[in-house]
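Participant: The structure that follows is given in the form of structure tokens.
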Amino acid sequence: MKKAKKIPLRKCVATGEMKPKKELVRIVRSKEGEVFVDLTGKKNGRGAYLTLDQDCILLAKKKNILAHHLNVEVPDSIYDELMELAEKEKRS
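Just so we're aligned, residue 1 is where the sequence shown starts under full-length UniProt numbering, counting upward by one.
Structure, rendered in structure tokens:
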């Protein structure tokens with residue numbers, strides 16, 4: 001009997017919900033302090049997971065949740081990129 005493959009779960013920093021890693025997007029702060037969206041989920045650095053949902057992204061922006069988790073200022077361009085990704089996700 002084959003053992004069922006475990007689905008890796010991650011916690012959304014905005015909602016606090018545990019979700020399969022594939023449903024979340026990872027935002028990373030590198031050692032140099034750069035912040036970027038990591039679509040592969042494999043880049044080095046401090047990561048925070050966020051649900052790809054516009055309400056979640058707006059909540060994270062309003063409450064400065066990503067900056068808090070990554071201990072660095074998160075530029076608006078990151079939130080803009082996340083909003084675009086959420087738009088694409090909704091359409092597909």
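Backbone N, C-alpha and C define an ideal beta-carbon position, used for all residues, glycine too.
1) Which of the three DSSP states, helix, strand or coil, is assigned to A4?
2) Hey, out of D76, S92 and V35, whose CA is closest to G47's CA?
3) For the candidate residues G33, I65, K22 and I57, whose alpha-carbon lies nearest to that of K41?
4) Apart from the five residues just before and just after L9, which ones in its own chain have a Cβ nearer than 8 Å to its Cβ?
5) What separation, rounded to the nearest whole angstrom, lies between the Cα atoms of L52 and V13?
Facilitator: Considering the structure as presented:
1) coil
2) Measuring C-alpha to C-alpha distances from G47 to each of D76, S92 and V35 identifies V35 as the nearest.
3) Sequence check: residue 41 is Gly here, not Lys. Residue K22 is the option with its Cα nearest to G41.
4) M18, K19, P20 and K21
5) 12 Å
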